[in-house]
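Written out below as structure tokens is the structure these notes cover.
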Amino acid sequence: MPPAPGSTEEPPEPVPLGQRLYDNVFLLLTVSLLIMFGVFTGWGMWEILTMPPATLP
Amino acid sequence: MTAAAVPAPGAFRKCGATGLLVHSRAEWLIKLNAVTAVVALLIGASAALLLVLTRWQAVHLLPAVWYYRLLGVHGMNMLIFFIIYFEMAVLWFAGTVLLNSRPAAPRFGFFNFGLMVVGSLLILWMQFSGKADVLFTSYPPLKADPIYYLGIILFAVGGLCVVGQYFATLVIARREKTYVGSQPLVVYGATTAAIIAVVTLLHGALVYIPTFLWSVGLIPAVDPEVYRLLWWALGHSSQQINVAAMVAIWYMLGGLTVGAVVLNEKVSRSAFVLYILFISMASAHHLLVDPGFGPAWKIVNTSYFMYMAVLASMVHGFTVPAGMELGMRLRGFTDGLFGWLRRAPWGDPGFSALVLSVVVFGFFGGITGVTIGTEQINILAHNTLRIPGHFHATVVSGTAMAFMGATYYLLPLIFQRKVAFWKVARIQPYLFAGGMLMVEMGMTFAGSFGVPRRHWDISFSQAAFDVQFNPVVDLFLALMGIGGILAVTGALAFILIAVKSVFLGEKVTEFPRGSAIAGIPQGLTNPPVHAANVDEINEQLHAPSRGWMGATPGTVVLVGVFFLAFILYYFTNWKLLSFLWKIG
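Here the protein sequences line up with chains A and B, keeping their order.
Note that our numbering gives residue 66 to position 37 of the first sequence, counting from 1, and the numbers run on in steps of one.
Note that our numbering gives residue 382 to position 239 of the second sequence, counting from 1, and the numbers run on in steps of one.
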């Protein structure tokens, strides 16, 4: 909101995008879950489940 | 702020030293979790003494059954109970005290604490009664009594709910404007720990609920490889919660003890974000020799992504000591490269614990961790004593040491008691850290000669076959045993100090400034303040004529020593690998 006419109050400095991202705890939580479940858990499960069965000698 | 949101005036007290508001129910939750953590430490340390006296081959104290049983008890108490109860205390402290906020649903917090205690008691009951001799990892097809798995599930659910309450407390603090701008850096570190805890505990649910169903006969089997994948996302990531909480405590203790400054908020926060995004993948280190995963999965998880988290640790490993150096220099201790270190309060157990934690975690835990986490080198180290040598450096010398240092400040600030046996407290961090360093060196060097971990008798007496180790391993195992006795003595001294202080300690509510008082760390009676000419000093420290060493030359030199040690150890291991793995 712009300051009222005649007001000497400085408008608040806008918060940089990076800081807003870092301050968004729930966004960080979501991205953390996506990376871990995608790269470690999901990919790892896929590796195990697509492993061909060993043939008996 | 609405009227309903304003807490009752009597709910808070004002801390006499810091001026922070302490909510009475949050204070109780901090106390309960911290005391329970110390009880777990007592059980785990007692088991540790018996274990090192068994692995020390010349003593070989316990029979095989009790060795493996107590190994499970030790792992559960030290890696889970002690650490996680203390982290719950850290979350309540950071979310409420450091943000001047009321806690979210404190009665639910007491319920969750009760859930965790019931879970812990069930686990211990099963372990001591011999119904859960499955070691800490409980790999299938080893099967424990269903009550054991139920205990773990109850503990994890309680912990996950407390983490949820922490996030709710953050929302309350933001809505009620108990702080302005971004979270303070220490709280940000606790938030990082809380996020990693969610990742960890969700994997805990994924692995333990099916295992519980298997143990009661509702499902026919648990795939051992799937179990290992999911279990290590719990087992290793739970130790990454520690790392984040420990680094948060480093920043807090640095500020309290020597007036450390944060060199660059953006850099430190970025390092915490790297932890949030990438550190949990270190779990893949445990699966580097498993045949079920291809090299791409292994290398991406343990190298490309994981090194982002290693980078974060190295950032903190620089910014914490550099912040301490700059803080000391701004107080007027400007002489030479290391004048700030010589003039530091080495008799303050909060400070000595901080420095020992940073140094051993970085030099020993960090360097060994990155080295043995390299896929090719891992084949040399896997399942040898080098692995416990590494994680005792990180979890015990790093995290537990930092938690002990924080306790020396929390006793007067939260429990409002003087630290008992003050003279013992002043030397306790040195005794504990020195003993643990001997344990870690003994384990690491014995492991380098192939001594296996989790092994009752490496002499293979009465076995049908014989395995000969280099005789020098006896020396390393003796080093481990003697170090273990010293470290357990240090841990028991800490427990004695904490118990006496909490239950029989002298009450303290005022912190008179300017004089040294036995039982109160100097950071509370003589809080670090900048020199009168701080602006002039600051200008001199940041003058371009100082060159690339900048305002913190002492830390730059120490970091150079760290990198030399890192390079030496890392490439020595490649050389060792070349002896084993001849090509051409």
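We put the beta carbon where it would ideally sit given N, CA and C, even for glycine.
Computed from a predicted structure; not experimentally measured.
Listed along chain A are Met65, Phe69, Thr70, each with a C-beta nearer than 8 Å to that of B/Ala376. Under the DSSP assignment, B/His346 falls in the alpha helix (DSSP H) whose first and last residues are 328 to 358. Under a criterion of Cβ atoms nearer than 8 Å, the residues of chain A adjacent to B/Val416 are, in order, Tyr51, Leu57. With a cut-off of 8 Å on Cβ pairs, the segment 299 to 315 of chain B is in contact with the segment 232 to 240 of chain B, counting three or more such pairs.
For B/Lys157, the enclosing beta strand (DSSP E) covers residues 155 to 157. Residue contact check for A/Leu62 against chain B: a CB pair falls below 8 Å. At a cut-off of 8 Å between beta-carbon atoms, A/Glu76 makes contact with chain B.
Note that the C-beta distance between B/Ala299 and B/Gly257 is not below 8 Å. At a C-beta separation below 9 Å, B/Asn444 has these neighbours in chain A: Val68, Phe69, Trp72, Gly73. One alpha carbon belongs to B/Gly360, the other to B/Gly273, and they sit about 20 Å apart. Remark: C-beta atoms of B/Phe461 and B/Thr698 approach each other more closely than 8 Å. A Cβ-Cβ separation of about 5 Å places B/Tyr210 in contact with B/Thr197 under the 8 Å criterion.
Under the DSSP assignment, B/Val165 falls in the beta strand (DSSP E) whose first and last residues are 164 to 166. Under the DSSP assignment, B/Lys441 falls in the alpha helix (DSSP H) whose first and last residues are 438 to 442. In terms of Cα proximity to B/Gly508, the closest of B/Ala576, B/Tyr351, B/Phe481, B/Pro492 is B/Ala576. Counting C-beta atoms within 10 angstroms of its own C-beta, B/Asn385 has 16 or more neighbours from the protein chains shown and is therefore classed as buried.
The residue from B/His685, B/Ser426, B/Gly252 with its alpha-carbon nearest to that of B/Ala169 is B/Gly252. At least one beta carbon of chain A lies nearer than 8 Å to the beta carbon of B/Trp440.
Taking B/Val501 as reference, the option from B/Phe619, B/Thr477, B/Phe705 with the minimal CA-CA separation is B/Phe705. The C-beta of A/Ser61 has 16 or more other C-beta atoms within 10 Å across all chains shown, which makes the residue buried.
When the alpha-carbon of B/Ala337 is set against those of B/Ile680, B/Gly238, B/Ala364, B/Lys718, the nearest one is in B/Gly238.
By the 16-neighbour rule on beta-carbons within 10 angstroms, B/Phe415 is buried.
Classified as buried, B/Thr695 has 16 or more neighbouring CB atoms from the shown chains inside 10 Å of its CB.
The continuous alpha helix (DSSP H) containing B/Gly301 extends over residues 289 to 318.
Proximity of chain A to B/Arg412 at the Cβ level (cut-off 8 Å) is accounted for by Tyr51, in chain order.
Exposed is the label assigned to B/Met692, since fewer than 16 other Cβ atoms lie within 10 Å of its Cβ. Rounded to whole angstroms, the separation of the alpha carbons of B/Gly585 and B/Asp276 is 26 Å. In the same chain as B/Val390, and ignoring 5 residues on each side of it, the C-beta atoms closer than 6 Å to its own belong to Gly332, His459, in chain order.
Between the alpha carbons of B/Ala686 and A/Ile77 lies a gap of roughly 58 Å. Excluding residues up to 5 positions away in sequence, Gly302 lie with their Cβ nearer than 7 Å to the Cβ of B/Ile227 in the same chain. Around B/Ala248, the same chain offers Gln308, Ala311 as residues with beta carbons nearer than 8 Å, after the five sequence neighbours per side are excluded. Segment contact: the segment 510 to 530 of chain B against the segment 700 to 718 of chain B, three or more CB-CB distances shorter than 8 Å; contact assigned.
For B/Phe507, there are no neighbours in chain A by C-beta distance under 7 Å, as the nearest C-beta there is about 26 Å away. Taking all protein chains in view, the Cβ of B/Ala661 is surrounded by fewer than 16 other Cβ atoms within 10 Å, so the residue is classified as exposed. Nearest CB-CB separation between B/Met424 and chain A: below the 8 Å threshold.
Taking B/Leu499 as the centre and dropping the five residues before and after it, the same chain places the C-beta of Met544, Pro572, Ala576 closer than 6 Å to its C-beta, in chain order.
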